[in-house]
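The block underneath contains the structure these notes are about, expressed in structure tokens.
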Ligand code: IMP
């Protein structure tokens, strides 16, 4: 007979946090949001520590290089979607790794033999008023000089005048050598009152510009997550089909961590994938796996060598897996069980395997609940899809701004590998039925502004619990189940709410 679990499985909405003693020391500014990303031994540290416990979903509509840069600057990680060619995915990874905060590749360039007329046309086309003059007019050509707004305003009556006759030539400019740190570059900018500092390589080729106006924005990202070479950290999704080709290419492109992306991770395909990567590509290649919803699934992936395990089946906002296949589990119950298994495993082996709660976060307080229930970090799709930095279109629908957001199991994404059951007869590599929908989410503006509010709420709740780190939240928080009537009590009730616009 089948095993029947009569205990209901529950969602975040069914829990609340009971406040603990808030001492005078518990102020939001001292709350530490750091979280381990990958497995580590007792007394050691995780190879990657997140500065905020958030990662963005492995989805076409969420995680491209733009989102990855924006989120790493705030202390989290994006897993760039794997439902694209290996080449395209590697290009995105490279774009993130090559991004140097404050070092900007020159985007408007011209040759010394061009004319003022060409300069004006270039300015109109690109919108940039600082133009690099290089021998061949390329962004990395041998540097000859610089043109700024003042140069062409002063010469506006001579449209045929050659660039070499009105640019500021290299000999009259202060420049720096490639390899300099951003702090050193900024010091030169400030000491010499420069607006633009060209950074040149040994052959005097243009590498970057450092702009005075970018100084403040760098100062604004104290949580930036970067590697030993000060490059932003980035992850990538992989599948259990083409890993032998995809993983080496991603590693070569500089990816920091991988995650097998699947709707059902308790499978021999995942074990085989992890073992192949660790044995043939590199023991130190970090790879998360999932998704699972119970202790057995968790232990299976841990024993296979997973560096972290993702929890959640069927709870995603765009997900219809539960309706289509009848598999899944309430996210809170799944998380609580897997967190218990993680703690037991740590106790008996001395090895800590971080767990990630994936999908189903709606309210900001759900994040605090998930972290208190034992999640080390959270993967979110809908939350990030709403921001300027997600790769989808912003549209006006019914008078409101929205962003597009579609599931990897929808016909639009056609990510058949995510739902692959190893069917060798699936020769046309297609989805057999949809497990996700194509949708809109309300547009919410800039990632940075929203994160500030969300993190502010989590930190404030942590202070209410009398804790100042995520580890403490996991061990000391007191959670309670709520009845359906007390959920009603939790919103505004028995009052006539005024229209916010009035
Ligand atoms: P959300 O944060 O609630 O929007 O959930 C996002 C999560 O849903 C992702 O991280 C995936 O685990 C999962 N997901 C993505 N696409 C699909 C789909 O098409 N069907 C089911 N689950 C999906």
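In the working numbering, the protein residues as written are 221 to 722. Think of the CB as a built atom: it goes at the ideal place given N, C-alpha and C, for glycine as much as any other residue.
Any non-hydrogen atom of the ligand IMP closer than 7 Å to residue i Cβ
| i | result |
| --- | --- |
| residue 575 | no |
| residue 272 | no |
| residue 511 | yes |
| residue 453 | no |
| residue 300 | no |
| residue 557 | no |
| residue 603 | yes |
| residue 599 | yes |
| residue 349 | no |
| residue 310 | no |
| residue 537 | yes |
| residue 303 | no |
| residue 447 | no |
| residue 541 | yes |
| residue 434 | no |
| residue 578 | yes |
| residue 587 | no |
| residue 624 | no |
| residue 655 | yes |
| residue 279 | yes |
| residue 283 | no |
| residue 628 | yes |
| residue 483 | yes |
| residue 581 | yes |
| residue 532 | yes |
Residue i, buried or exposed, once every other Cβ within 10 Å from all chains shown has been counted against 16
| i | result |
| --- | --- |
| residue 612 | buried |
| residue 636 | buried |
| residue 373 | exposed |
| residue 617 | exposed |
| residue 416 | buried |
| residue 590 | buried |
| residue 573 | buried |
| residue 179 | Within the shown structure, residues of the chain are numbered from 221 to 722, placing residue 179 beyond reach of any answer. |
| residue 713 | exposed |
| residue 487 | buried |
| residue 695 | exposed |
| residue 181 | Coverage of the chain is limited to positions 221 through 722, which leaves residue 181 absent and any answer about it impossible. |
| residue 320 | buried |
| residue 499 | exposed |
| residue 575 | buried |
| residue 221 | exposed |
| residue 250 | exposed |
| residue 228 | exposed |
| residue 623 | buried |
| residue 293 | buried |
| residue 280 | buried |
| residue 682 | buried |
| residue 309 | buried |
| residue 550 | buried |
| residue 302 | buried |
| residue 577 | buried |
| residue 535 | buried |
Integer Cβ distance of residue i from residue j, believed to fall under 8 Å
| i | j | result |
| --- | --- | --- |
| residue 494 | residue 524 | 5 Å |
| residue 627 | residue 657 | 6 Å |
| residue 306 | residue 454 | Not confirmed; about 16 Å, so no contact. |
| residue 654 | residue 629 | 6 Å |
| residue 480 | residue 490 | 5 Å |
| residue 363 | residue 418 | 6 Å |
| residue 431 | residue 326 | Wrong, their Cβ atoms sit about 11 Å apart, outside the cutoff. |
| residue 667 | residue 607 | 4 Å |
| residue 366 | residue 352 | 7 Å |
| residue 531 | residue 555 | 5 Å |
| residue 452 | residue 313 | About 11 Å separates the two Cβ atoms, so there is no contact after all. |
Residue i CB to nearest heavy atom of the ligand FMN below 7 Å
| i | result |
| --- | --- |
| residue 610 | For the ligand FMN, the structure offers nothing, since it holds only the ligand IMP. |
Contact with chain C by residue i, beta-carbon distance below 8 Å
| i | result |
| --- | --- |
| residue 516 | In the displayed structure, chain C is absent; only one protein chain is listed. |
Touching by the beta-carbon criterion (3+ pairs, under 8 Å), the region 556-575 and the region 667-686: no
Validate contact between the region 273-286 and the region 599-608 using beta carbons, cut 8 Å, 3 pairs: yes
Does the region 525-536 come close enough to the region 505-514 that 3 or more CB-CB pairs lie under 8 Å? yes
On the three-pair Cβ rule with 8 Å, is the region 581-590 touching the region 227-237? yes
Any contact between the region 419-428 and the region 255-270? By contact I mean 3 or more CB pairs, one from each, below 8 Å. no
Flag this pair as touching only if the region 442-462 and the region 545-554 have three or more C-beta atom pairs under 8 Å; answer yes or no. no
Spell out a yes or no on whether the region 394-414 and the region 373-382 are touching, meaning 3 or more CB-CB pairs, one atom from each, closer than 8 Å. no
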